[in-house]
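Written out below as structure tokens is the structure these notes cover.
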Amino acid sequence: MIFRLMKQWNYNKINNLCGWFIATVAFTVYFATMERTASFWDCGEFLAAAYKLEVGHSPGAPMFMMLQRLSSLFSGTAAFTGLPNKNAAFAINTFSVLASAITILFLFWTTTLLSRKLLAGKNVPDNRQTLLIMSAGIIGALAYTFSDTFWFSAVEAEVYATSSCFTALVFWAALKWEQVADEAYSNRWLLLISLLIGASVGIHLLNLLTIPAITMVYYFRKYDASKRGIIIAFVTGCLLLGIVQFGVIQFIPIIASNMELYFVNSFHLPFQSGALTFIILFASSIFFALRHFKRKQWPALYTATLCLVFIVIGGSSYIVTVIRSNADTPVDINNPDNVMSLVSYLQREQYLQQPLLYGQDFDSEITGINTGKNFYYKNEKEHSYSVAGHKSNYEYAPGSKRFFPRIWDNSDPSHTNFYRSYLDIDKDSKPTARDNFSYFFNYQMNWLWFRYFMWNYAGRQNDYEGQGEARNGNWISGIPLLDYPRAGHVNLMSKPYKNNDARNELYCLPLLLGFAGLCFHFKHNKKDAIIVSVLFFFTGIAIGIYLNMNPLQPRERDYAFAGCTYAFAIWIGIGLLMIESFIRKWLPKISLIMAFALCFISVPALMAKEEWNDHNRAPKTLARATALNTLLSCKPNAILFTQGDNDTFPLWYLQEVEGIRPDVRIIIRELLSADWYIDQLNYKINDAYAVPMVWGKGDYMGEASNYITYYNNPKIPAERTFDLYDVCKFMFKPENKMQANNGNFISYLPTKNLSMPLPPSVLKDTALMDKIYFKIKDDGLMKNDITIMNILAANAHNGWKRPIYFNGSYPNREDILGLSPYMRMEGIVYQLAPFTKEDYNAATNEVNNIDAAKSLEHFTRLYQYGGAEKQHVYFDEKNRVMLMAYRINSVQLAERLSASNRKKDAENLLDIILQNITPESYPHDQISMMMVMAYYHADAFEKGNKLSQTLEANLKQDIIWINDLPESQSGGASDDLKRDEAMLQQLAFIKEEAGKQRTLPDDANISIQSKGE
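Numbering-wise, the sequence shown is residues 43 to 1055 according to the working numbering.
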């Protein structure tokens, strides 16, 4: 019947129908497992920015924002006017699902196109060949559908799904051009490719990595291949990649910015006049160049110029960034409202810049600071661009730089310590070239790129982020012989590790099928195999070289290498052709059916089975729930200090998209060192009023206030306490500046002992003191802490009209300002508040700064737990970190309740937390030991014993696994072994103390009763 149907349809129709069928399967899978609302990391920011076309973090993604904005219009009429809309996240996430399904569609068509060339060449495939080609496409496309990295990105509002879609589309378009290159008007495919590449710049720069592969397609189609020619084509592809990335994307805006600066500052013309003049000149130059090339009949130059034009047209989506920034949207990162700030925005100049081919080691001697180019801001008052700062670069001692620096990061002591520990570099020793290459091969290539690749096609140990140790995040296969040298016997691990949902054992079957396809491809069509290899190299190894990642990344970076797993999926599909050719030698009649069944069961079916549970995010709403809990914990018109990313982006989503608590002013502490961000605090955002500050724009703009040092002025008593408001006023008055060693006059901190007055209402009712007293811990302050001081001082001076909150992560960090004692816990937030009479325990002379009533209300009635209360809902490690805050704070509250003789309330609270954050959602760990103690202190001994037994079993099993590790791994686990043994001893001590606690009250009661008798 299949062959009869195939006679009625031509090959193209079958190919199209099969492609759309596989895309529908992918869409169904992704839609079923899609997160229904905001996720952690950048998703909340993208949702907020897309819904109202706001400006996200650099280098921005304006094309992606516009596509997301269009998708949000399907969420209801509220989306058309930007009104609060709970369905917008669902619609935007669905767009990622759609983009991912289209990626699978073009992967299918790419695989069938390459397979057709292998089997039929330029001829029309016969029925058998058609079935083989379709089978190869199905296996390759479904393998990528169920791959770990791509599936993760497919079900959330991130750029990587859409970025992959453009990558797939561009590569497929290049292969389509290759088929019709000799036909008239075939160059229209090259123009389409250029337009897509330009548009993809407004999504993610990873799409540019297709350019070298496209260059190879062009070379093999237009020239006779030779080894020398292949090398030249490869180098040309690299040059074109550099020209587009640095020449077109960055250099064109730089020229425009220089012209803008000259026109405004020198000619005193209006803002944007220089940029508009450049656009006119650039467009005119292109027009006359095209006319000249056409007149001279230079088709190659004419086509190349047109390609440049289409790349620029595609990249013109960044005009939207400038337009929306001029609208002063609530989210307006870097404020790129003019071409001057746009250049800094595109070049990501606020981020740490890594060297590529030549640079320093982490311990290179710094001899000075080189003041580089100026940063400008738009000075409306003087109608000019004023200098806001400089791009400063360290100068290093002669001979302290090297070729190919890999261990370069000296910005964080933890990174330098990691380099020394990982490479076994003694404290007094200098790193060598060998150390750099060792780090490159063992860490950047093996631990990062290769491990991520193997996650997708061999298997994954668990979702715990690791740094090379045996316990966390390794690739595994499920084959003990392969896994034991790196990860030990996985089945011997304790339950939280052994039963981790991200443990996926694929037995290397997708990997082997892909290698079979690679060999088959090189054997039968070396040119196409080289093209796919170039795509694989640039989206894998090359990006690893370029990124030059430092250690201890805040999250796994496998998404950066998704392109190479895409290329390998093509070979997985082609691998079916090799399997079929092998079976055909013995069973020619059923070789196709057997090959398809064997490949389908062993690769996509196995991958779907293993990967489903840790990629199904449909029941999970933790990001939204945590953000909602945070906002609802704040009083009206509050100011909330956060740390960024997971602490902030879900809050932005709730405020900007769902319209929840827009009165709360969110301030990201990490951005308070940026002039543009401080300036935005002066303006109202949504229902949140401007933030009062002591200093003015002239004080915080520029570099003068980047660091304020403490100076022990002999005229000012060192031990005297001064009002914070007066100190902030003092620091920035010109007459109070002191002369530094270089002759410049600088502001300084005159005292470390500070205070803030309390309003009369607080003094009258509950306060134990008339002021909040605190002491600066360091000998100097960075701009972000200085800004916080100015905000707190102005707010206190105004009578504390705005409640001040800090999110849960703040008290756990180094508290430079010394305010931690005044952070009163209210659920998962901390309010800056004075000690109250209820906080003070006269018997012990101690202060316990927990608002028990509010916290108990929050944990038991107000808070949502985002699906953690359900069964079979997967929370990865970063989600569990957020759940950890609930456990820690609830345990602290339970201890407070027990100490206040409210033991039943403490027990009920702990029960509610365990019901809402089940051990399946967040397995018991070290934090649970605190919960054991809390149960004992609440006299819930049976519950404490039960939890203690679970912990004890896990620890003992962990020790068994560590002792079974191979010698090469046991040394790295020695600290874990000591920790486990110490925890077992601590558990035993806790149980022993609990036993004494349990018997004492009974004995006391008996003796009292005896005396009464």
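All C-beta atoms, glycine included, are put in the ideal place defined by N, C-alpha and C.
C-alpha distance - residue i paired with residue j, whole-angstrom precision
| i | j | result |
| --- | --- | --- |
| Arg659 | Leu553 | 26 Å |
| Asn307 | Phe324 | 22 Å |
| Phe73 | Ser195 | 12 Å |
| Asp1018 | Leu664 | 30 Å |
| Leu109 | Glu87 | 15 Å |
| Ala544 | Phe417 | 45 Å |
| Phe329 | Gly240 | 19 Å |
| Lys825 | Lys420 | 21 Å |
| Asn452 | Asp820 | 21 Å |
| Asn728 | Arg844 | 16 Å |
| Phe63 | Leu95 | 34 Å |
| Gly686 | Phe262 | 48 Å |
| Val364 | Ser113 | 22 Å |
| Ile322 | Gln314 | 12 Å |
| Asn837 | Val769 | 14 Å |
| Asp466 | Ile818 | 37 Å |
| Leu174 | Ile583 | 31 Å |
| Ser1052 | Asn921 | Note that Ser1052 scores a pLDDT of 30, beneath 50, so its modelled location is shaky; the value from the coordinates is reported in the next line. Rounded to the nearest angstrom, the two C-alpha atoms are 55 Å apart. |
| Ile710 | Asp84 | 15 Å |
Beta-carbon contacts of residue i that lie in its chain and below 6 Å, excluding the five residues immediately before and after
| i | result |
| --- | --- |
| Ser242 | Phe208, Asn249 |
| Ala610 | Per the sequence presented here, residue 610 reads as Phe, with Ala not at that position. Same-chain partners within the cutoff: Gly556. |
| Asp1044 | Bear in mind that a pLDDT of 45 at Asp1044, under 50, signals an unreliable position, so the number given afterwards is only what the model happens to contain. None. |
| Leu311 | Phe305 |
| Ala982 | Glu949 |
| Arg918 | The question names Arg, yet the displayed sequence has Asp at residue 918. Answer for Asp918: Asp505, listed in chain order. |
Classification of residue i by the beta-carbon crowding that lies within 10 angstroms, buried from 16 upward
| i | result |
| --- | --- |
| Leu673 | buried |
| Asn498 | buried |
| Phe122 | exposed |
| Leu59 | exposed |
| Pro776 | exposed |
| Phe901 | buried |
| Gln873 | buried |
Start-to-end residues for the beta strand (DSSP E) that takes in residue i
| i | result |
| --- | --- |
| Thr413 | 408-421 |
| Met258 | No beta strand (DSSP E) contains Met258, which is instead part of the alpha helix (DSSP H) from 253-264. |
| Arg707 | 707-710 |
Boundaries of the alpha helix (DSSP H) in which residue i is found, first to last residue
| i | result |
| --- | --- |
| Glu937 | 919-941 |
| Pro692 | 691-695 |
| His979 | 968-979 |
| Tyr464 | 455-465 |
| Met301 | 294-303 |
| Ser113 | 104-114 |
| Arg528 | 522-529 |
| Ile235 | 229-243 |
Beta-ladder partner(s) of residue i, from DSSP
| i | result |
| --- | --- |
| Met780 | Ile788 |
| Thr751 | Tyr790, Gly822 |
| Trp517 | Arg502 |
| Leu796 | Phe764, Phe816 |
| Val97 | Asp374 |
| Val381 | According to DSSP, Val381 bridges with nothing at all. |
| Arg866 | Gln873 |
| Tyr847 | Leu682, Gln873 |
| Val429 | Tyr418 |
| Tyr400 | Phe445 |
| Tyr438 | Ile408 |
| Glu547 | Gly501 |
Residue i beta carbon near the ligand MN (any heavy atom closer than 6 Å)
| i | result |
| --- | --- |
| Arg666 | No copy of the ligand MN occurs in the structure displayed, which carries no ligand at all. |
Chain-order list of residues whose beta-carbon lies under 7 Å from that of residue i (same chain, five-residue window excluded)
| i | result |
| --- | --- |
| Lys218 | Trp231 |
| Ala68 | Ser142, Ala143, Ile146, Thr187 |
| Lys443 | Tyr400, Gly401, Gln402, Ser406 |
| Arg855 | Reliability of the predicted coordinates at Arg855 is poor, the pLDDT of 46 falling under 50, and the value obtained from them is presented with this limitation in mind. None. |
| Ala92 | Met107, Gln110, Arg111, Ser114, Ile134 |
| Asp525 | Ile518, Ser519, Val532 |
Same chain, Cβ closer than 8 Å to residue i, neighbours up to 5 away in sequence not counted
| i | result |
| --- | --- |
| Ala669 | Ala80, Gly86, Pro692, Leu693, Tyr695, Leu696 |
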